[in-house]
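Colleague: The sequence shown begins at 24 in the working numbering and counts up by one. Glycine residues also receive a C-beta, built at the ideal position from the N, C-alpha and C atoms. As the structure is a prediction and not an experimental result, all values here were calculated from the model. For reference, the structure I am asking about is given below.
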Amino acid sequence: MATILIVEDDRLLNEGLAYALGNENYDIVSAHSFEEGLAAFRSHEVHLILLDVTLPDRTGTELCKEIRLTSDVPIVFLTANDTEQDMVLGFKLGADDYMAKPFSMAVLRERVKAVLRRGGGEDNGSLFTYKDLTIHYDKMKVIKRGEEVKLTTNEYKLLTVLAQNRNQVLTREQIVEKLWDVDGCFVDENTLSVNIKRLRSKIEDHPKQPAYIKTVFGIGYTWGE
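Following this line, the structure appears as structure tokens:
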């Protein structure tokens, strides 16, 4: 199920968008300012952002620029200004679509579906973003804060296994089995410990207090939520 972040300072409109899209079985996260939007983006796995251009603290275009430093998550601008100049600026900053207010909720729903299909958030899951880390499954690349993280083949496989099973705790045995399933290569538990340590050293800001790969003592590992 795709998660949509709505960054809109008009609380009535924000609630209306959340209600309409929630009825389409999307998970909704709401924010009302630049700071709230950035914090919500960094703390949730988001598949699409509906972003108001005019926010009370800073502009939506500034937030788009900040998000584009670390993520290719689809962004749809919501704006009362539908001039060609504004639209060109939005697309240059990395917007995927533009909707001028007032708009039809029915049209919005279809736009959201189309953008999610293009971005892979709904159908093929080619992009996964969590906090400052983005995994491009189709390119086999990992980006953190705009910089590519160089991983070995085993480290990348381990990262994707944990990210793709993020809603559950995996035992060490399950992880070994899943890594074996990837290409038939044998991975023993000692090798797993080494790879976990090396992977944390590359993606975690504080490897001893991991935010991404968390140890569940006596059981195994889970993706940080």
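Is it true that the region 159–167 meets the region 213–224, where meeting means three or more beta-carbon pairs spaced less than 8 Å apart?
Modeller: As far as the Cβ criterion goes, the region 159–167 does not touch the region 213–224, which means the pair count is below three.
Colleague: Given this structure, state the Cα-to-Cα distance separating residue 164 from residue 170, to the nearest angstrom.
Modeller: The residue given as residue 164 occupies position 141 in the sequence shown. The residue given as residue 170 occupies position 147 in the sequence shown. Roughly 10 Å separates the two Cα atoms.
Colleague: How many whole angstroms separate the CB atoms of residue 71 and residue 138, which I take to be in contact at a CB cut-off of 8 Å?
Modeller: Counting from 1 along the sequence shown, the entry for residue 71 is found at position 48. Counting from 1 along the sequence shown, the entry for residue 138 is found at position 115. Indeed, because the Cβ distance is near 6 Å, the residues count as touching under 8 Å.
Colleague: In terms of residues, what are the limits of the alpha helix (DSSP H) holding residue 61?
Modeller: Here residue 61 corresponds to residue number 38 of the sequence shown, with the count starting at 1. Counting along the chain, the alpha helix (DSSP H) containing residue 61 begins and ends at 57–66.
Colleague: Which two residues bound the contiguous alpha helix (DSSP H) that contains residue 36?
Modeller: If you number the sequence shown from 1, residue 36 lands on position 13. Its alpha helix (DSSP H) spans residues 34–45.
Colleague: Please state if the CB of residue 32 and the CB of residue 79 are separated by a distance shorter than 9 Å.
Modeller: The residue you call residue 79 lines up with position 56 of the sequence shown. The residue you call residue 32 lines up with position 9 of the sequence shown. The answer is yes: Cβ separation under 9 Å.
Colleague: Helix, strand or coil for residue 93? Go by DSSP, reduced to three states.
Modeller: Translated into positions along the sequence shown, residue 93 becomes position 70. In the structure shown, residue 93 sits in coil (DSSP, three-state: anything other than H, G, I, E or B).
Colleague: Are residue 28 and residue 76 close, meaning C-beta to C-beta below 9 Å?
Modeller: Within the sequence shown, the letter at position 5 stands for residue 28. Within the sequence shown, the letter at position 53 stands for residue 76. Taking 9 Å as the Cβ cut-off, residue 28 and residue 76 do not qualify as a contacting pair.
Colleague: What number of angstroms, rounded off, separates the C-alpha of residue 228 from the C-alpha of residue 236?
Modeller: Here residue 228 refers to the residue found at position 205 when the sequence shown is read from its first residue. Here residue 236 refers to the residue found at position 213 when the sequence shown is read from its first residue. Residue 228 and residue 236: Cα-Cα distance of roughly 12 Å.
Colleague: For residue 196 and residue 242, what's the separation of their Cα atoms in angstroms?
Modeller: For the purposes of this step, residue 196 is taken as the residue at position 173 of the sequence shown. For the purposes of this step, residue 242 is taken as the residue at position 219 of the sequence shown. One C-alpha to the other measures close to 10 Å.
Colleague: Counting along the chain, where does the alpha helix (DSSP H) carrying residue 179 start and finish?
Modeller: Your numbering for residue 179 matches position 156 in the sequence shown. First-last of the alpha helix (DSSP H) with residue 179: 176–187.
Colleague: Indicate the three-state DSSP secondary structure (helix, strand or coil) for residue 240 in the structure shown.
Modeller: Along the sequence shown, one-based indexing puts residue 240 at 217. It is coil, neither helix nor strand.
Colleague: To the nearest whole angstrom, what separates the beta carbons of residue 154 and residue 66, a pair I think is in contact under 8 Å?
Modeller: Here residue 154 corresponds to residue number 131 of the sequence shown, with the count starting at 1. Here residue 66 corresponds to residue number 43 of the sequence shown, with the count starting at 1. Right, their Cβ atoms sit about 7 Å apart.
Colleague: Is residue 101 closer than 9 Å to residue 86 when the C-beta atoms are compared?
Modeller: Here residue 86 refers to the residue found at position 63 when the sequence shown is read from its first residue. Here residue 101 refers to the residue found at position 78 when the sequence shown is read from its first residue. Not closer than 9 Å, so no.
Colleague: Hey, how far is the Cα of residue 175 from the Cα of residue 81?
Modeller: For this step, residue 175 is matched to residue 152 along the sequence shown. For this step, residue 81 is matched to residue 58 along the sequence shown. In a straight line, the C-alpha of residue 175 is about 40 Å away from that of residue 81.
Colleague: Going by alpha carbons, who is nearest to residue 150 out of 187, 130, 180?
Modeller: As a working note, residue 150 is residue 127 in the sequence shown. Ranking the options by Cα distance to residue 150, first place goes to 187.
Colleague: Below 8 Å CB to CB, which residues in the same chain sit around residue 116 once its five sequence neighbours on both sides are set aside?
Modeller: Against the sequence shown, residue 116 aligns to sequence position 93. Hits under 8 Å: 84, 87, 88, 91.
Colleague: Go ahead and pull the three-state DSSP assignment for residue 122.
Modeller: The sequence position of residue 122 within the sequence shown is 99, counting from 1. Strand.
Colleague: Suppose you measure from the CA of residue 42 to the CA of residue 129; what does that come to, to the nearest Å?
Modeller: Taking the first residue of the sequence shown as position 1, residue 42 is located at position 19. Taking the first residue of the sequence shown as position 1, residue 129 is located at position 106. Cα-Cα distance, rounded: 13 Å.
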